[in-house]
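Sequential numbering from 1 applies to the sequence shown in UniProt numbering. What follows is a single structure, written as structure tokens, with notes after it.
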Amino acid sequence: MSMKEAYVKKLQSKMDEWNAEIDKLKAKADSADADVQLEYYKKIEELRKMQNDANQKLDELKEASDGAWEDLKAGVDNAWDSLSSSFKSAASHFR
1 MSMKEAYVKK
11 LQSKMDEWNA
21 EIDKLKAKAD
31 SADADVQLEY
41 YKKIEELRKM
51 QNDANQKLDE
61 LKEASDGAWE
71 DLKAGVDNAW
81 DSLSSSFKSA
91 ASHFR
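Here it is as structure tokens:
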């Protein structure tokens, strides 16, 4: 397995983990009071947008040649760090 393939596999695994976290937040939102539901749904929407952005970066990375993927890695890392921070923030806020 190349470095690129290992990196993509690691990011895809993290994306799957974040999907599960969003599903958990949605389940909590569905059973919460109306006021809290709005807050949950707003945060879920923000997380989905960030996740879509990160997914686009991942797709670009997958399509990149073995030589060019290193150039894209910095942008992908930034998107992932931002999304990871947002997930941690949301998770701690709604516990």
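Idealized CB from N, CA, C, for every residue including glycine.
It is roughly 19 Å from the alpha-carbon of Q37 to the alpha-carbon of K88. Measuring C-alpha to C-alpha distances from K43 to each of I22, L72, E17 identifies I22 as the nearest.
Counting only the Cα atoms, D35 lies some 27 Å from E17. In this structure, E60 places its C-beta atom within 8 Å of the C-beta atom of L72. Taken through DSSP and simplified to helix, strand or coil, S2 comes out as coil.
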